[in-house]
Ligand SMILES: NC(=O)c1ccc[n+]([C@@H]2O[C@H](COP(=O)([O-])OP(=O)(O)OC[C@H]3O[C@@H](n4cnc5c(N)ncnc54)[C@H](O)[C@@H]3O)[C@@H](O)[C@H]2O)c1
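In the numbering used here, the protein residues as written are 0 to 254.
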């Protein structure tokens, strides 16, 4: 398709389905070699196989991204197959939707491990390669939820606030060593995550009907909307864009 990531080696965490999978497809189409890291082995392997059979350099490595040893092993596998990594899309994440007073400490720990600690572990594993090359781009999936709260999502909103600030802080610490790190903030996107969110919020009486989504953001976002924004931030087109938050929400957050 294009060559906006020509010569890049990218890792996409959470790249087996949803926006992550759309980013894997787009990054590969734009010339990157791509390592998918995900706990969904079946979908991750199938996507890597499909793209590899089309001649793309795409590999899959399994990991629960909240587990240090698994992350380190998966990153090492991708490096061994594709070479040093210079683009990291920290996208893997999940959601717990419950009235706040029904949440338990386990929910808090689980969600912070999967959404926030994962970003730390992945970045900790990949950043040294980027520093050695003197260049790298990191994109972290935050959310409109980092700054716009939804009832029954206190834990999730708090994790996304942390992802938001993680991206800014990495940018500040490593800017002068050639590293860019930006956050991407999707609105409601039609993925397994987004569809479950709508279903569970509706069951709890929160209006996320088609009409409500239309009023807030025009339509349900599509995985490709996020993939195209991630491509921009990952590519050299964004070479002076660092430490920012790109809201991809069709003006949800502009009201
Ligand atoms: N869909 C939305 O409306 C929306 C809005 C804002 C932000 N997000 C963010 O997008 C991400 C969710 O992705 P999606 O919407 O593309 O849906 P998705 O559920 O299809 O994708 C999430 C991917 O992450 C993987 N994953 C989850 N936990 C993991 C773990 N512990 N280890 C390894 N892989 C893991 C899943 O297997 C899946 O492939 C989250 O970070 C979420 O906060 C989504």
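All C-beta atoms in this analysis are idealised placements derived from N, C-alpha and C, irrespective of residue type, glycine included.
### Query
Would you say residue 64 touches ligand 1, meaning its beta carbon is less than 8 Å from a heavy atom?
Along the chain shown, read from residue 1 onward, the residue named residue 64 stands at position 65. Residue 64: yes, Cβ under 8 Å from ligand 1.
#### Entry: Reference residue 148, options 123, 221, 112 and 186, closest by Cα
Start at 1 with the first residue of the chain shown, and residue 148 comes out as number 149. Looking at the Cα atoms, 186 is the closest of the given residues.
### Query
Can you tell me whether DSSP reads residue 150 as helix, strand or coil?
If you number the chain shown from 1, residue 150 lands on position 151. Coil.
### Query
For ligand 1, any of its heavy atoms closer than 8 Å to the Cβ of residue 76?
Taking the chain shown and counting its residues from 1, the one referred to as residue 76 is at position 77. Outside the cutoff, so no.
### Message
Can you determine whether any heavy atom of ligand 1 sits closer than 8 Å to the C-beta of residue 249, and answer yes or no?
### Response
Locating residue 249 in the chain shown gives position 250, where the first residue counts as 1. Not under cutoff, so the answer is no.
### Query
Going by alpha carbons, who is nearest to residue 68 out of 40, 160, 111 and 121?
On the chain shown, position 69 is the one that residue 68 refers to. It is 121 whose Cα lies nearest to the Cα of residue 68.
#### Entry: Cβ-based neighbour list, residue 125, same chain, cut-off 7 Å, excluding 5 preceding and 5 following
Within the chain shown, residue 125 is the residue found at index 126, counting from 1. Correct list, in chain order: 10, 74, 84 and 87.
### Query
Within this structure, are the beta carbons of residue 36 and residue 8 separated by less than 9 Å?
Numbered from 1 along the chain shown, position 37 holds the residue referred to as residue 36. Numbered from 1 along the chain shown, position 9 holds the residue referred to as residue 8. No, the pair does not count as a contact, with Cβ atoms beyond the cut-off.
### Task
Tell me whether residue 44 sits in a helix, a strand or coil according to DSSP, three-state version.
Along the chain shown, read from residue 1 onward, the residue named residue 44 stands at position 45. Three-state DSSP puts residue 44 in a helix.
### Task
Consult DSSP for residue 228 and reduce its assignment to one of helix, strand or coil.
Start at 1 with the first residue of the chain shown, and residue 228 comes out as number 229. Reduced to three states, the DSSP call for residue 228 is helix.
### Query
Relative to the alpha-carbon of residue 176, which residue among 191, 134 and 89 has its alpha-carbon at the smallest distance?
For the purposes of this step, residue 176 is taken as residue 177 along the chain shown, with counting starting at 1. The residue with the shortest Cα to Cα distance from residue 176 is 134.
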